[in-house]
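Engineer: Okay, handing you the structure first.
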Amino acid sequence: MENIFPIFNQIADRNAKESILKQRGAAIWLVGLSGAGKSTIATALEKKLLASGHFTVLLDGDNMRHGLNSNLGFSAADRQENIRRVAEVTKLLVNNGIVTVCSFITPSFEMRQNARQIVGENDFVEVFVNCPFEICEERDVKGLYKKAKNGDIKNFTGLG
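What the sequence shown shows, in the working numbering, is residues 311 to 470, in sequence order.
This is the structure:
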């Protein structure tokens with residue numbers, strides 16, 4: 311790593327890009343249980359932002375785990391690494407003036423703080439999607455709560 315020198319503003323700096331885009335880059339980080347409605351809210355928010363002329367990117371937990379983070383499982387270390395990688399991608403987008411809507415369970419305070427530190431305190435808005443556990447369990451479109459209760463998924467957020 312000693313030979314790697316990150317260059318963030320080769321052509322145009324953040325202020326120039328934000329001026330061109332006529333917006334300030336920011337991360338809106340939605341957190342909550344599986345089935346709470348994070349992805350639904352994130353999609354609606356992105357549509358609203360786009361309709362009002364903002365350039366946005368939506369990063370969703372399921373999509374990221376099928377691509378960039380497909381090699382990660384759900385151990386504590388893998389979950390931490392999942393959020394770290396997503397926060398690094400988010401930082402790159404925000405530093406280029408892009409409003410980035412992020413939808414991730416992000417279960418622990420430590421993970422949320424790490425994401426906030428990576429992205430930058432002044433660029434990070436955390437939104438807790440508060441939905442009762444029972445409703446999340448009822449919605450269980452992926453069957454995750456059932457699998458977790460049957461012991462097929464370990465360390466499932468909200469159980470145990």
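Think of the CB as a built atom: it goes at the ideal place given N, C-alpha and C, for glycine as much as any other residue.
1) How about D462: is its Cβ closer than 8 angstroms to a heavy atom in the ligand GTP?
2) Thinking C-beta only, is N373 closer than 9 angstroms to N392?
3) Where does F434 land, buried or exposed, given buried means 16+ other C-beta within 10 angstroms?
4) What are the complete alpha helix (DSSP H) segments, minimum 4 residues, inside the stretch 422-469?
5) The alpha helix (DSSP H) with I393 in it runs from where to where?
6) Using CA coordinates, which residue listed in F443, V367, I330, V396 is at the minimum distance from R375?
7) Suppose you measure from the CA of I408 to the CA of N432; what does that come to, to the nearest Å?
8) Going by DSSP in three states, A322 sits in which element: helix, strand or coil?
9) Where do the ends of the beta strand (DSSP E) carrying T410 lie?
10) Compare the beta carbon distance of I338 and V411 with 9 angstroms and say whether it is the shorter of the two.
11) Buried or exposed: where does E420 fall if 16 or more other Cβ atoms within 10 Å of its Cβ makes it buried?
12) Just verifying my parser: in three-state terms, what is the DSSP assignment at T366?
Structural biologist: From the atom records:
1) The ligand GTP is absent from the structure shown, which contains no ligand whatsoever.
2) Translated into positions along the sequence shown, residue 392 becomes position 82. Translated into positions along the sequence shown, residue 373 becomes position 63. In this structure, N373 does not lie closer than 9 angstroms to N392 by Cβ.
3) As a position in the sequence shown, residue 434 is number 124, starting the count at 1. Classification for F434: buried.
4) 443-449, 454-459
5) As a position in the sequence shown, residue 393 is number 83, starting the count at 1. 386-404 is the span of the alpha helix (DSSP H), which, as asked, contains I393.
6) Taking the first residue of the sequence shown as 1, we reach residue 375 at position 65. Minimum Cα distance to R375 is reached at V396.
7) Position 98 of the sequence shown, counted from the start, is the residue given in the question as residue 408. Position 122 of the sequence shown, counted from the start, is the residue given in the question as residue 432. Going from the Cα of I408 to the Cα of N432 covers about 14 angstroms.
8) Position 12 of the sequence shown, counted from the first residue, corresponds to residue 322. Coil at A322, not helix or strand.
9) Looking up residue 410 in the sequence shown gives position 100. From DSSP, the beta strand (DSSP E) with T410 extends over 409-413.
10) Along the sequence shown, one-based indexing puts residue 338 at 28. Along the sequence shown, one-based indexing puts residue 411 at 101. Result yes, Cβ atoms of I338 and V411 sit closer than 9 angstroms.
11) The residue given as residue 420 occupies position 110 in the sequence shown. The residue in question, E420, is exposed, as its Cβ has fewer than 16 Cβ neighbours within 10 Å.
12) Your numbering for residue 366 matches position 56 in the sequence shown. It is a strand residue.
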